[in-house]
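Sequences listed follow chains A and B, in order. Plus 3 on top of the position in the first sequence (first one is 1) and you've got the working numbering. Plus 1221 on top of the position in the second sequence (first one is 1) and you've got the working numbering.
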Amino acid sequence: MEGIFAPERRSTLIAVLIIFVGLLGFSFLTTGADMAQLSITLLSGLLQGMLLFLVASGLSIIFGLMDVLNFAQGAFFMIGAYIGWEIQHAPNLMKAIPDPNLRFLVGIAGAVIVGAVLGAGLERGLLRPLYARPIFQLVATFGVSLIALEVVKLIWGTAPRSWTEDFTLSSGEFSLFGQFFSTYRLVVIVVGVLLIVGIAVLLKRTRIGITIRAGVEDSSMVEALGINVRLVFTGVFVLGCAVASFGGVIAAPFLGASNAMGAEFLLGAIAAVVLGGLGSYEGTAIASLMVGIAKAVVAKFSVQYLNQPVWESLTPMILMAAILLLRPSGLFGKE
Amino acid sequence: MTTNPELILEVAEIHTFIGQFHILEGVSVSVPQGSITVLLGRNGAGKTTTLKSIMGLTPPRSGTITFGGRRIEGKRPFDVAKMGIGYVPEHRAIFKELSVKENLQIAERARGDLNQRADFIFELFPDLKRLYGLGGGKLSGGQQQMLAIARALVPDNRLLLIDEPSEGLAPVIIESLIQAIRRLAQNTTVLLVEQNFRMASQLADRYIIIDDGKSVKTGEMSTLIKDEATIQKYLGAA
Ligand SMILES: Nc1ncnc2c1ncn2[C@@H]1O[C@H](COP(=O)(O)OP(=O)(O)OP(=O)(O)O)[C@@H](O)[C@H]1O
Ligand SMILES: [Mg+2]
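Structural data, given as structure tokens:
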């Protein structure tokens, strides 16, 4: 990941650091200089950032490689959450697999597999015939996300499903400066960090990673070297959808499953991808965390002072607009 | 149509469209095994499009392309490449975000290709060994051109398509490129596009002139050098 640590990036990195410190400092001062409050805000910001990253990473790599902005990425997150919820709560499955821990693992596997299969179908069936028409692809992924939403409403209805079947991890808590925080959420943060690093290593060190980075620059040259680029496209697309689905299922134990979550995470992820600089993987990772923490800080502040939760959902777009005004190509984008 | 077994590549009367533009209106190219053949012609004549049509990057709408006795028109570029054709595009299109090493690694078709060919590649272009870990974007123009050619040498290609290697390079660099291409052509057939007539005449055995999307003249390079009229007519002041 030397990309973001290159000398010419130093001023950007310092600016990023200032934004993070500024956000947390603001939160610290407005919550009465309370370490417990600050650490809870920081943890919930990191948590949201990691979940956003799971949607945004696919969005970013797919866009870089294939020039497709996959508007269905949020729908995959939502579908993952519903499938995880269903496998955990369906009466038949509760009988067949009484152990809630095992059921959750099955839920994760189920969500990832469904995400991958639907992703493959979307890429092969709808996007591949449209590579010469990028606008049509955009419309197609948007259409698919609307259809997915309607199908979800048909199966699970419009009322949100909350998670009632706890498993060992999801009921655990630990205390930080006297405040309690769910162990499971901490695990999700750690899993997010591992995924960020894992994908970075994949991109940096493996042959498929070299191929993806080269394809981001010039996919027809990659093909002319003897590599089946369309197969690489399908693989990357499937991976992006599976990771988003995975994000949905691991978020379900605390977010539940709802119709609205797809659009919400899609918007946040788009903000993160644009904010980080289109085509920059590291930029997307950093911007996801930034958006997550900004949301947590704003949520805290608006609950305490404004009684107005709407500001939290507007935060990603406001942050994106503010930074784009100062730097039109995003934090780590190319000029 | 009879195929001449001596020809490694035979392009017959191809017509290629880009969008609705009819770019190639009948191009035929014969490349004898073991030769260096050069495509000549003015800017915009269709030389690059001819190479791209062979690779399948701009597939021809009609006509045939035969490589090593097998028809390849209509095949996908990666299939064409895997049959043993290396492509060195114009403007030194290396991957600037990848290191020199990664630029070579990505061209491997089988594990170990690079190890096997490294000695030969570094013998041709000793600079690359020194620059191995550096980002492609940090190389000079001449070094990028050498990397672009080296990349095509990683797999065991039978034919190299090299598009304007001398473009924008200093005379000393061009001189060393001429040496390198001469050396690699001992094992590999080369189809070269070159506007630098001096370089073309030093390297090529045969020539094909493309003018306005059509191949108009072909023959021995040694004859063309003496044919002032043809040079004036199709290539301008050389
Ligand atoms: N994508 C494109 N869309 C429209 N026209 C194109 C496209 N690419 C090439 N052309 C046209 O096709 C013709 C042939 O282009 P080509 O690049 O093959 O020429 P060339 O002989 O390689 O020229 P040069 O010496 O400048 O590289 C030119 O008139 C060019 O304008
Ligand atoms: Mg050209």
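Glycine residues also receive a C-beta, built at the ideal position from the N, C-alpha and C atoms. Remember, it's a predicted structure, so these values are computed and weren't measured experimentally.
Residues bridged to residue i [DSSP beta-bridge criterion]
i                  : result
Ala260 of chain A  : A:Arg164
Ser178 of chain A  : A:Phe183
Val1259 of chain B : B:Leu1413, B:Tyr1428
Ile1306 of chain B : B:Leu1380
Ser1320 of chain B : B:Gly1356
Arg1291 of chain B : B:Phe1288
Start-to-end residues for the beta strand (DSSP E) that takes in residue i
i                  : result
Gly1440 of chain B : 1435-1441
Gln182 of chain A  : 182-185
His92 of chain A   : Here His92 of chain A belongs to no beta strand (DSSP E); instead the alpha helix (DSSP H) covers 76-92.
Phe66 of chain A   : First-last for Phe66 of chain A: 38-69, but that is the alpha helix (DSSP H), not the beta strand (DSSP E).
Pro1253 of chain B : 1242-1253
Ile1229 of chain B : 1228-1239
Arg1313 of chain B : From DSSP, Arg1313 of chain B is part of no beta strand (DSSP E); its letter is neither H nor E.
Ser1283 of chain B : 1283-1288
Tyr1428 of chain B : 1427-1432
Asp221 of chain A  : Run containing Asp221 of chain A: none in the beta strand (DSSP E); it sits in the alpha helix (DSSP H), 210-227.
Lys1375 of chain B : According to the sequence displayed, residue 1375 of chain B carries Val and not Lys. Here Val1375 of chain B belongs to no beta strand (DSSP E), and DSSP marks it neither H nor E.
Val1411 of chain B : 1410-1414
Opening and closing residue of the alpha helix (DSSP H) in which residue i lies
i                  : result
Arg1404 of chain B : 1392-1405
Asp1348 of chain B : 1347-1351
Trp106 of chain A  : Before going further, note that residue 106 of chain A is Arg rather than Trp in the sequence given. Per DSSP, Arg106 of chain A belongs to the alpha helix (DSSP H) from 103-124.
Asp1384 of chain B : No alpha helix (DSSP H) contains Asp1384 of chain B, which is instead part of the beta strand (DSSP E) from 1380-1384.
Leu157 of chain A  : 137-159
Pro319 of chain A  : 313-329
Ile230 of chain A  : Ile230 of chain A -> no alpha helix (DSSP H), and no H or E assigned at all.
Tyr284 of chain A  : 284-304
Glu1449 of chain B : 1449-1456
Lys1268 of chain B : 1268-1276
Ile17 of chain A   : 13-33
Presumed contact (8 Å Cβ cut-off) between residue i and residue j, rounded CB distance
i                  : j                  : result
Glu1441 of chain B : Arg1427 of chain B : 6 Å
Leu62 of chain A   : Gln76 of chain A   : 5 Å
Thr287 of chain A  : Ala59 of chain A   : 5 Å
Leu1228 of chain B : Pro1253 of chain B : 6 Å
Ser1436 of chain B : Ser1249 of chain B : 5 Å
Ile90 of chain A   : Gly110 of chain A  : 4 Å
Ser1283 of chain B : His1243 of chain B : Ser1283 of chain B to His1243 of chain B, Cβ: 11 Å. No contact.
Gly1362 of chain B : Leu1335 of chain B : Rounded, the Cβ-Cβ distance is 24 Å, inconsistent with contact.
Ile65 of chain A   : Gly243 of chain A  : 5 Å
Leu281 of chain A  : Gly333 of chain A  : 6 Å
Phe180 of chain A  : Ala39 of chain A   : 4 Å
Nonlocal neighbours in the same chain, by C-beta distance under 6 Å from residue i, ignoring five residues either side
i                  : result
Ala302 of chain A  : Glu315
Gly259 of chain A  : Pro163, Arg164, Ser165, Trp166
Met69 of chain A   : Phe236
Ala1373 of chain B : Gly1307, Val1309, Leu1381
Ala1406 of chain B : Ile1257
Thr171 of chain A  : Asn104
Glu126 of chain A  : Thr237, Phe240
Phe79 of chain A   : Gly118, Cys244, Ala247, Ser248
Contact set for residue i: own chain, Cβ-Cβ below 8 Å, skip 5 residues either direction
i                  : result
Gly52 of chain A   : Gly195, Ser291, Leu292, Met293, Val294, Gly295, Ile296
Ile1402 of chain B : Ile1257, Ile1370, Ile1383, Pro1386, Val1411, Leu1413, Leu1424
Arg1292 of chain B : Thr1285, Ile1286
Lys1317 of chain B : Gly1356, Gly1357, Gly1358
Lys1350 of chain B : Phe1343
Neighbouring residues, chain D, relative to residue i (Cβ below 8 Å)
i                  : result
Ile1257 of chain B : In summary, chain D is missing from the structure at hand, where the protein chains are A and B.
Own chain partners of residue i with C-beta closer than 7 Å, once the 5 adjacent residues on each side are dropped
i                  : result
Gly1255 of chain B : Thr1410
Gln1366 of chain B : Arg1313, Pro1386, Leu1390, Leu1398
Glu267 of chain A  : Ser316
Ala217 of chain A  : Val225
Val252 of chain A  : Gly83, Ala84, Ile86, Gly87, Gly110, Ile111, Ala114
Gln1416 of chain B : Glu1385
Phe107 of chain A  : Gln91, Phe170
Relative to chain A, which residues along the region 1278-1302 of chain B have a C-beta separation below 9 Å, given in chain order?
-> Leu1278, Arg1297, Pro1298, Phe1299, Asp1300, Val1301, Ala1302
Select from the region 201-231 of chain A all residues with a C-beta closer than 8 Å to any C-beta belonging to chain B, and list them in chain order.
-> Arg210, Ile213, Thr214, Arg216, Ala217, Val219, Glu220, Asp221, Ser223, Met224, Val225, Glu226, Ala227, Leu228, Gly229, Ile230, Asn231
The region 1326-1349 of chain B: positions lying closer than 7 Å to chain A by Cβ = Per Cβ criterion, the list reads Gln1326, Ile1327, Ala1328, Arg1330.
Cβ-based contacts, 8 Å cut-off: residues of the region 1351-1376 of chain B near chain A = Listed in sequence order: Arg1372, Pro1376.
Of the residues that make up the region 1238-1270 of chain B, which ones have a beta carbon closer than 9 Å to any beta carbon in chain A?
-> none
Interface positions of the region 1303-1325 of chain B facing chain A (Cβ-Cβ less than 7 Å), listed along the chain = Within the region 1303-1325 of chain B, the residues whose Cβ lies closer than 7 Å to some Cβ of chain A are Lys1303, Tyr1308, Pro1310, Ala1314, Phe1316, Lys1317, Glu1318, Leu1319, Glu1323, listed in chain order.
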